[in-house]
Each structure stands twice: as C-alpha cells, then as structure tokens.
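Numbering (the working numbering), first residue to last: 1 to 429. Cβ coordinates follow ideal geometry from the N, Cα and C atoms, glycine included. This one's a predicted model, so the numbers in the text were calculated from it and none came from an experiment. To start, the structure under review is shown below, and the notes come after it.
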RNA sequence: GUGAAUGUAGCUCAAUUGGCAGAGCGCCGGACUGUGGAUCCGGUUGUUGUGGGUUCGAUUCCCAUCAUUCACCCCA
C-alpha cells in the first residue's frame, strides 16, 4: 500500500520559489556586471568526454581521482558531468577555431557543476558557478581586468565584505626550482607534518603549504617562498598586476601559501574570501592558465579566468540582504458570476499593458479575496462587484494607505483606470 | 572517503524515573452576509525519519539503516 518515498539524491536539492527569487536577482546582477565588462555568455554541454577533464584539471587532483560523476554512455564511451567550467570553455574555444576569428575572447558561463563530495554547508554535489575567461592576452592588464571583474561580480550581488588574496605560482621556467627546494625543506621537517601531508610531499608538495593542521602551518611559515623564486618575467608580471590593482583601489593580501587545486594554473592566482561560511570561506577563485589551451591540443594561447560559487555566495547573502522585491501587484477581486466575467478582460488588459496582476481562482467571499490579496502583498486591489458593474466602474483600494485616508478606496470609471493606476503606482509597472 | 551531533505537525520546538503526543507560528473559518492587516473565538495537520530489539507499555533505552548538519579532507 504505502510506497517508499522517492527523495532527492544526496547533495542535491530543490530550489523552491522563495529561493529562486534570490537566484534570479543574483543572476540578473551578475549578467549586468559581466555585460558591462564586455563578457558574453557561453553555454556548453553539461556532459563531456571524460578525457577532457582528465587532461585539463590533472590526473592526480582529487576532483579527477574521486569526485567526478563518470559513467559509460550507451556506446561504451566514458562521459562525465562537468565538475568545473574552464575545461569546456577551452574545448569550445578550440573546437570553434575562435582564436582565428578574434584575437581576444571574453566569455562567461553560469550554470551547474557536479562533484561527488560529501556535502556540508556551502558544498553540494550539484552546485552552480559563474565563471569568466579572458583568452588571448598574456599581459598583466588581462589579469587585472579579470580580478577586477571577479571583485565587481561579488560586490554587485551584495557581498562587499569579500577580501582578496593574491599569489603567483610562477611558470614552467621557475616553478621546478622552487618545487625542488620546497621538497628538500619539507623532507627535513617530515616528522613535524601530519600524515596526509607526508603523502602530499611526494604527490603534490605545494599543497602542504595550505594545510590547516597546526604543525604543518608552522612548517609552512618557515618554508621557502615561491615569491623568492620567481624569474624576472614572472616577478615583473606580478608587480604589474599589483600596481594595477592598487591603482584601482583594490585592497589585497599577498598570500604566498595560497595554492590552487587545479593543475593548470600558472603565475597569477587569487581567491575571494568571505565570512559566515565556516570552512567554505572561498567564494571565488581563479588565475592565469597559459598552458591549458595548448595542453588541450590548441595553439599557445594565454588566458586568465575565475569562477565563483553561487550556492555559497547566496548562503551568505541571505544573512546580509533583504529578500528581493518584485514589481507592485494589482489584485483583482470580483463578486459573483457577472463580476468574474467582467474581471477577466480587465485582468487581460492590465497584464498586456505590463502590470503584474493576480486574482483568486477559487470561489470565495470578497473578504477571502482581500485576505488573499494581503497575503500576496498586493499594492492595489480592484474590486468588481454588482455596484461597480452597474456603474461601469471599478473600486480601487490602496492596500498601503492608512485606514480612513480619503483616497484609501476610490471609485473609478473603467475608461479612466489607466490614468489612475499610473498615478497610484507612480509610473512603475 | 574519515569523525561527531541531530531527526516529534508545513515551520520553530516541548513532552518529568519508560505511562493518553503538545504549544507557538502558519493555514482555513467566524465575530464583521461588499472589503485585508490588529484583537478575540473556533477548526486543521503526525505512521514521533525507517526497520528491528528490550518492556505490560518506547518520542524516551539498545542495535541497524537512511537523511540532515558540523568538522576533517577537498574546493567555488
């Protein structure tokens, strides 16, 4: 008799209307900023060949090793739900020969990503990111534009408190020397490191630097710094980026221990951090990835990009911002069959004129309809009862006006309604 | 993947040593038969997450399981 209830998959969730209103506002604000920077939207498939992510993100990363939704397609090939957006963007960039059509591409994407992680606050298996990529420029000006864009995106949605952290990971010319020195140093300190870090020492030594275990932090503080190993070109690149940020008034912290999780980064990396999210304080991150395009089979095209976690940002916004407000609502209340039939064309006319118009489809007393209007936060209620129909008029009730005000409710000829509404709503639709 | 905490009405939470499952909010209706909000009155909602076990009796104790949350890990 009773069937087992089907429920959402772990780490996934429904966004009910109360939530989607927040999402829609945030997405609108983001699209506005991106458009003002000249970035255009790119939409790519959610499903890609598994090899795309293995080759771009890096075989040895956690994402590729254990967090991808990978399965066999019906033809036997291996496909994966995208765990991030840059790989697909670069694939699309190459597949469409974009670099032959334009020297610089400014693209953004906004959509769903999938990672099979253990869910917790601000971390879901299906989550949304907005990301931007600037392809075709190696100049520091590109890094500065992109970081500025990331900051403006986060600010525009209402997270002005976010702080910026900056680092440089060097390039293939200077990083190996640093890596070697770091490993040598860490080997000596090995016994002071936590167990996972002792493993990382071999697989991904840079990651030891941002381990949160106290012992490891002590070791990391004394560790050789990447910034001291940058070659002259990487160093001047970093200085130029810093100068650019400073001239725009962007405060930042140089964090030589910030390491990014994806293999493809070089030179500039950055993160935007915010409070209130526990361990998930990074709301946006990105950097330069000059080698990636070539790594995926294209020409040597330099690029910078960033991605911001929208679920995470929204979680914080709900603590900082007022809920979004829609346009003013006009509620049409009618009485009886005749009232209903008179209301229908009125409702239609108002909606076609651009108003947001609600009415109750359930039969009910006028009182019940007024209650409904109040619950719907209607600004005006148009009453169509027998008297109004007789007179070819409509009563307009201002729900916000105080009881007893002379214009609380006015009778108005149908022909004169548009003018009155314009007055009442102050030209706002 | 590892560790811990929590699951009672739509929501927030009570329920004494193990003894009839409750309140507030919300929702619906009435007081006011053509008028919302405030107030008052009334009504509505449960396999106490699920499955076992102990017991005369389990929301309470035990085991398992699922879900959620937090932290680790990782990352946006």
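Cutoff 8 Å; reference residue i; Cβ partners in own chain excluding five residues on either side
i	result
residue 177	229
residue 75	none
residue 152	33 and 37
residue 264	56, 57, 58, 86, 289, 291, 292 and 295
residue 414	346, 392, 393 and 394
Straight-line Cα distance separating residue j from residue i
i	j	result
residue 408	residue 421	14 Å
residue 351	residue 345	10 Å
residue 332	residue 366	11 Å
residue 394	residue 326	25 Å
residue 240	residue 247	11 Å
residue 60	residue 79	18 Å
residue 321	residue 185	47 Å
residue 195	residue 204	14 Å
residue 212	residue 425	55 Å
Own chain partners of residue i with C-beta closer than 7 Å, once the 5 adjacent residues on each side are dropped
i	result
residue 133	86, 89, 107, 303 and 305
residue 245	144, 147 and 252
residue 234	168, 170, 171, 174 and 267
residue 81	46, 47, 69 and 114
residue 105	93, 98, 135 and 136
residue 6	none
Top-ranked residue by Cα proximity to residue i, from the options
i	options	result
residue 179	159, 247 and 202	202
residue 67	91, 43, 119 and 411	119
residue 290	103, 138 and 63	138
residue 445	319, 189 and 204	This structure does not reach residue 445, given that the chain is present from 1 up to 429, and the question cannot be answered.
residue 380	362, 389, 357 and 363	357
residue 50	313, 29, 72 and 30	72
residue 94	123, 22 and 136	136
residue 121	191, 157 and 316	316
residue 323	23, 15, 14 and 43	23
residue 52	84, 41 and 31	84
Coil, strand or helix - residue i by DSSP
i	result
residue 380	strand
residue 60	coil
residue 348	helix
residue 8	coil
residue 126	strand
residue 389	helix
residue 321	coil
residue 35	helix
residue 213	coil
residue 356	strand
residue 361	coil
residue 145	helix
residue 111	strand
residue 104	coil
residue 16	coil
residue 131	strand
residue 416	helix
Contacts around residue i, its chain only, beta-carbon distance under 6 Å, and the 5 residues preceding and following it disregarded
i	result
residue 360	369 and 372
residue 238	168
residue 197	208, 211 and 216
Exercise. Enumerated in chain order, which unbroken segments of the beta strand (DSSP E) with a length of 3 residues or greater are wholly contained in the region 223–311?
Worked result: 252–254, 266–273, 282–288 and 303–309
Exercise. What residue ranges within the region 148–188 form continuous beta strand (DSSP E) runs of no fewer than 3 residues, ordered along the chain?
Worked result: 163–168
Exercise. Which runs of the alpha helix (DSSP H), 4 residues or longer, sit entirely within the region 45–89?
Worked result: 50–57 and 62–66
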